[in-house]
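Below is one structure; the comments refer to it alone.
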Amino acid sequence: MLNLTSSSVVPFDCMASCISSPMLYTITTVNYFFFSGAVGFLGVVVNVIKVIIFFKIGFKDTTNISFFSLSVADTGVVLMLLGFSVVYNPGVIQAVTYFEVVDSVGYISFGWPYAGCSRVASMMTAVITVERFMCVSLPLKVRTIITPKVSIVTSFTVFCVVMATVVPAFLASRLGPAYNARVNKTTLGLIHPPMAASLEGFTLMAMVVFQLLAFGVVTACTFALIRSFTRTVQWRKQVSNSSSSLTGRDKKLVKMVIFISFSFIVFSIPGVVITFMMIFIKEFKMTGLYKNLFVTLFSSFYPMDGLNSLVNFFIFLYMSSKFRNIFMSMFHLRLVFGTNIQSEGIAKAQKGDYHTENEKDIMI
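Rendered as structure tokens:
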């Protein structure tokens, strides 16, 4: 007799069996050890440079404070990628013997810290976009609304709130002796208390909320910023004879915001999709029926935030003259992107000797 319920079960059985253990080993080794390792190493170098440059620029400007905080969060992301690369080193896996032990250590030691740093970076991107939008839409009031002290408090609050929501996930799992069904013996693994499902579910939901909130805010504010800038440029053309130079600065700022937003959106989509899968597919988790598929997808998409931070570095380098000047002076370079870096500009960047607001602004 035909089983009418089989059609609803087969797709999920396929999800459980589509990735074999040998295939999982190969995929995770390539993704975590090679791909994540390369992105993590380059990311650490690039983001440390970003942190140093924004520190040199100083914290008198609210935008610089937010960019410094974003760079710190990005540094945390790429450090976790390096951690994954170390844990999934073939030599380490061979020494440990059981691949499940490596999975458990990577999950609890680097997985959730990575998620926290990633969401902090997402929220800081949203904060930066809102700040820039307010600078255009409320130019006369923004200096009283967004002060350096407000930016520092905002950045600190984002870090604390996001990281606090990750704590329940750590309480939901810990390393200890656990039964390994594959080898039929007790090995090092994840141990879960009675409230593990609720604790982990809370953190997962918080991660989704933060990601979707940041995603929506960045997208909406970017389109609104473009519209406001278009109106501002048109108005300046009508009332000012020197509109050409201002228009050039405006276009450069709009392009930079668009590039940062587009980069954030593109690299965030895979993470959002996987997080939704964790919430709506009960067995799609580290200890669930679809563990192999879970680990495979996560290992493939984890480096995305690290790649985003690399892209942002080159956006800053190309479109921010002040950022570029300090970078050039740090490495004693004179030519980048076809632009000659004059000693006068470098001196201004190092000393903060800017006489106009347009010169002082990191984005111009």
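Quick note: the sequence shown uses this note's numbering, first residue 133, plus one each step. We treat Cβ as the ideally placed atom computed from N, Cα and C, and that holds for glycine.
Residue i - partner residues in DSSP beta bridges
| i | result |
| --- | --- |
| Ile323 | Arg306 |
Closest Cα partner of residue i within the set the options
| i | options | result |
| --- | --- | --- |
| Phe448 | Met339, Gly403, Cys249 and Asn179 | Asn179 |
| Phe293 | Met256, Phe200, Phe191 and Gly238 | Checking the displayed sequence, the identity of residue 293 turns out to be Val instead of Phe. Closest option to Val293, Cα to Cα, is Met256. |
| Tyr434 | Phe231, Pro245 and Ala258 | Pro245 |
| Met388 | Gln366, Lys414 and Asn444 | Asn444 |
| Leu344 | Asp437, Phe408 and Val427 | Phe408 |
| Cys353 | Phe265, Met155 and Val171 | Phe265 |
| Thr335 | Val427, Ile225, Ala304 and Phe166 | Ala304 |
| Arg456 | Ile397, Ile181, Cys150 and Val210 | Ile181 |
| Ser198 | Gly403, Val282 and Tyr157 | Val282 |
| Gly243 | Val398, Ser461, Ser168 and Glu415 | Ser168 |
Chain B within 8 Å of residue i, Cβ atoms only
| i | result |
| --- | --- |
| Val183 | Judged by its chain identifiers, the structure shown contains no chain B, having just a single protein chain. |
Whole-number beta carbon distance between residue j and residue i, since they are thought to touch under 8 Å
| i | j | result |
| --- | --- | --- |
| Ser254 | Ser400 | 7 Å |
| Pro280 | Thr194 | 6 Å |
| Ser393 | Thr351 | 7 Å |
| Ala247 | Ala346 | Contact flag wrong, Cβ pair sits at about 13 Å. |
| Tyr422 | Ile413 | 7 Å |
| Val171 | Gly438 | 4 Å |
| Ala338 | Thr364 | Actually they are not in contact, since the Cβ atoms of Ala338 and Thr364 sit about 37 Å apart, beyond 8 Å. |
| Thr207 | Val176 | 7 Å |
| Ile225 | Thr428 | Not quite, the Cβ-Cβ distance comes to about 16 Å (not below 8 Å), so this is no contact. |
Where residue i sits in the DSSP three-state scheme
| i | result |
| --- | --- |
| Ile185 | helix |
| Lys414 | coil |
| Asp206 | helix |
| Leu378 | With a pLDDT of only 41 at Leu378, under 50, the local geometry of the prediction cannot be trusted, and no value is derived from it. |
| Cys249 | helix |
| Gly420 | coil |
| Ile277 | helix |
| Phe272 | A small fix is needed here, since residue 272 is Leu in this sequence, not Phe. In this structure, Leu272 counts as coil in the three-state DSSP scheme. |
| Asn221 | coil |
| Lys454 | helix |
| Cys267 | helix |
| Thr471 | Note that Thr471 scores a pLDDT of 46, beneath 50, so its modelled location is shaky and nothing firm can be said. |
| Phe463 | coil |
| Gly438 | helix |
| Phe231 | helix |
| Cys150 | coil |
| Lys192 | coil |
**Prompt:** Would you call the stretch 321-335 and the stretch 352-365 touching, i.e. three or more CB-CB distances under 8 Å?
**Reply:** no
**Message:** Quick test of the definition: if touching needs 3 or more C-beta pairs under 8 Å, does the stretch 285-299 touch the stretch 225-239?
**Reply:** no
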